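For reference, the structure discussed in these notes is given below.
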Amino acid sequence: MDTSGIGSVDGHRPAANGAVACPASGVPGCIMSSASTGGVPPPRDATLGRHIARRLVQVGVSDVFAVPGDFNLTLLDHLIAEPGLRVVGCCNELNAGYAADGYARARGVGACAVTFTVGGLSVLNAIAGAYSENLPVVCVVGGPNSNDYGTNRILHHTIGLPDFSQELRCFQPVTCHQAVVNNLEDAHEQIDRAVSTALRESKPVYISVSCNLPGLPHPTFATDPVPYLLAPRPSNLMGLEAAVEATVAFLDKAVKPVMVAGPKIRVAKAGDAFVKLAEASGYAVAAMPSAKGLVPETLPRFLGTYWGAVSTAFCAEIVESADAYLFAGPIFNDYSSVGYSFLLKKDKAVVVQPDRVTVGNGPTFGCVMMKDFLSALAKRVRANTTAYDNYRRIFVPDGQPPECEPGEPLRVNVLFKHIQRMLTGDSAVIAETGDSWFNCQKLRLPDGCGYEFQMQYGSIGWSVGALLGYAQGAPDKRIIACIGDGSFQVTAQDVSTMLRCEQRSIIFLINNGGYTIEVEIHDGPYNVIKNWDYTGLVDAIHNGQGKCWTARVATEEELTAAIATATADDNKDCLCFIEVVAHKDDTSKELLEWGSRVSAANSRPPNPQ
38 MDTSGIGSVD GHRPAANGAV ACPASGVPGC IMSSASTGGV PPPRDATLGR
88 HIARRLVQVG VSDVFAVPGD FNLTLLDHLI AEPGLRVVGC CNELNAGYAA
138 DGYARARGVG ACAVTFTVGG LSVLNAIAGA YSENLPVVCV VGGPNSNDYG
188 TNRILHHTIG LPDFSQELRC FQPVTCHQAV VNNLEDAHEQ IDRAVSTALR
238 ESKPVYISVS CNLPGLPHPT FATDPVPYLL APRPSNLMGL EAAVEATVAF
288 LDKAVKPVMV AGPKIRVAKA GDAFVKLAEA SGYAVAAMPS AKGLVPETLP
338 RFLGTYWGAV STAFCAEIVE SADAYLFAGP IFNDYSSVGY SFLLKKDKAV
388 VVQPDRVTVG NGPTFGCVMM KDFLSALAKR VRANTTAYDN YRRIFVPDGQ
438 PPECEPGEPL RVNVLFKHIQ RMLTGDSAVI AETGDSWFNC QKLRLPDGCG
488 YEFQMQYGSI GWSVGALLGY AQGAPDKRII ACIGDGSFQV TAQDVSTMLR
538 CEQRSIIFLI NNGGYTIEVE IHDGPYNVIK NWDYTGLVDA IHNGQGKCWT
588 ARVATEEELT AAIATATADD NKDCLCFIEV VAHKDDTSKE LLEWGSRVSA
638 ANSRPPNPQ
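Here it is, written out as structure tokens:
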């Protein structure tokens, strides 16, 4: 079957009719994947394993990140046998989940495959992160033999009770749908519903497949599965018109309105609509930190990152002094609000979520899709450049870091000055939880340059697996990853997998002796870690197999030479690892401010009872 017109989400090829991945009938939801065979035995290759593999390929998955275990080995055989699908073996399940997260950021959907309970509970943390970041990830777990369900048997890889539901119960809060496939009669329906739900909800799903089923044929798998046709959810037209009317009246009476992009623009697939509104309205434009990379930073009235007290210079002053602000897809939490210290007022805000709009203190309009709303608003709103004009009057360009003396210890701000010069439209940046959050926010992204970090969940170590997955999903880009030493120690093993996959990322390992972000929130001896020979570790992992180059730098001269080598033609297809030695107290001023405010929020005393 020709699946060239099948798409999943932004970043993958859309279907010809503009719908996203679903039944050819045009009816949202799942459909039967085959017709009756009239009593004729199904072909030997019409198996459950092949059906799962075909479904993954159809929705845009070319790589499944896996760790083998005795309950998923037969399933892995069928995934490997599927043309167009590669099984990427990872060093542990946590990294496999992080890789599926990174892959979903690059390709719109990701997948991982692990074994029962010991693998499932290991990957759980990564799936929770993908849930918090609204990423569709299909987590397939090899489960117990179907004959063991309903018996009183105790199995290995369990906690020693004849109850196989522990893993399922753990996944329920962090996935939008769960399917336990332990018979073939409804297996096709369960698989189809799970995969389509992941795409529709933009959240992870959990699929458990009994270990004795993947290789069995069944009549429902006798033909290729019919492509999904998940029709985009339509807006209520009357609600859309009412929301636009109310918002136009609200914004047009404002003197200096602004607009701010939030991370749920990705879920709503509304990036282009946001840009059209920015161009039509003339408003000053900012992005919340977790929306960096989702809207072009080359927009003519782009101010930078709005992050409260640690915003881009002059950005917070313009946003918080505005008499109206439109937030598209925001997430307001303690981190994004810098310990709840935003100076925003609800009665001045238009908050646009993926499927609803709230104007000021009310009203709220439901069943209004963000993409439709922003597109309609762009045609109606009156242009107003006052906020940006005010910004231009007060703006003073940032200074450059002082020049280093020859042989002077390297400063982190000098490192990021050089990283800025490396960025092109063929690059992408992965920022690990820590001071890299703040330093990477200050990078100005050229058109086409990707940017990812995990702000809502903030799990240290995420970036190593995510880098593996993102690079696998975007092979046309050279990824620059900024990772702290503490985070790297959590998940370092899968540098090995990057080498096996012949990836060509550039990793800057910032060695400052500990968990610096936690030092600035609350210091203690637990934030100091054992120093490693990081370049020696990566050389040992390399072991002469694959293309890898490492360097350790402690001065600007050494950094300049290392970057020149890493970006030279000889190393353009090589994984490059540069350990940057920095002083333990060399942090961004933004981290110092943010850390003190988050610390104050964390240490609030209990309310009187």
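Numbering of the sequence shown is given in this note's numbering, commencing with residue 38 and proceeding in unit increments.
Ideal placement from N, C-alpha and C gives every residue a C-beta, glycine not left out.
Every value quoted in this text rests on a predicted model; they were computed, and no experiment measured them.
Per DSSP, the continuous alpha helix (DSSP H) segment holding asparagine 162 begins and ends at 157-169. Assigned with DSSP and collapsed to three states, valine 175 falls in strand. Apart from the 5 residues on each side of it in sequence, leucine 480 sits with its Cβ closer than 6 Å to the Cβ of Gln457 in its chain, given in chain order. Contact between valine 618 and valine 575 does not hold, since their C-beta atoms are separated by about 15 Å, which reaches or exceeds 8 Å. When DSSP reads this structure, phenylalanine 364 sits in a beta bridge with Val297 and Val388. Taking a 10 Å sphere around the C-beta of aspartate 138, we find 16 or more other C-beta atoms and assign the residue as buried. Between the region 358-368 and the region 285-299, the count of C-beta pairs closer than 8 Å reaches three or more; the two stretches touch.
Judged by DSSP secondary structure, leucine 267 falls within the beta strand (DSSP E) whose first and last residues are 265-267.
In this structure, serine 533 places its C-beta atom within 8 Å of the C-beta atom of isoleucine 578. Contact between the region 343-361 and the region 447-456 is not established, with fewer than three Cβ pairs separated by less than 8 Å. In terms of CA proximity to serine 245, Gly156 leads the group Asn189, Gly156, Ser233 and Arg237. Residue nearest to glycine 166 within the set Asp513, Glu316, His620 and Thr470 is Thr470 (criterion: CA-CA distance). Cysteine 611 and methionine 459 have their alpha carbons spaced roughly 16 Å apart. A direct Cα-Cα distance of roughly 38 Å separates lysine 306 from arginine 641. Put simply, of Pro262, Arg419 and Glu557 the residue whose alpha carbon is nearest the alpha carbon of glycine 319 is Arg419. Bridge pairing for tyrosine 243: Cys176 and Gln215 [DSSP]. Around the Cβ of isoleucine 228, a 10 Å sphere holds 16 or more other Cβ atoms; the residue is buried.
Residue pairing by DSSP places isoleucine 516 opposite Ala465 in a beta bridge. With contacts defined as CB atoms closer than 8 Å, proline 367 and valine 394 fail to qualify as a contacting pair. Apart from the 5 residues on each side of it in sequence, phenylalanine 102 sits with its Cβ closer than 6 Å to the Cβ of Val125, Cys127, Ala133, Ala136, Ala137 and Cys149 in its chain, given in chain order.
A contact between stretches requires three or more CB pairs, one per stretch, nearer than 8 Å, and the region 240-257 meets this requirement with the region 212-221. With fewer than 16 other beta carbons inside 10 angstroms of its own, histidine 559 counts as exposed.
According to the DSSP assignment, phenylalanine 410 belongs to no beta strand (DSSP E) but to the alpha helix (DSSP H) extending over 407-415. DSSP places asparagine 639 in the helix class (H, G or I) of the three-state scheme. Collapsing the DSSP output to three states places alanine 511 in coil. Here proline 326 is buried, its C-beta having at least 16 other C-beta atoms within 10 Å. Residue environment: tyrosine 563 is assigned as exposed (fewer than 16 neighbouring CB atoms within 10 Å of its CB, all protein chains considered). In the three-state scheme derived from DSSP, where H, G and I count as helix and E and B as strand, lysine 329 is classed as strand. Ranked by how close their Cα comes to the Cα of alanine 588, the residues Leu414, Glu557, Arg237 and Leu546 have Leu546 in first place. Taking C-alpha positions only, glutamate 170 is separated from glutamine 491 by approximately 7 Å. Secondary structure at glutamate 594: helix, using DSSP grouped into helix, strand and coil. Beta-bridge annotation (DSSP): tyrosine 488 is paired with Val466. Check the Cα spacing between arginine 430 and each of Phe475, Pro400 and Leu340: the tightest is with Leu340.
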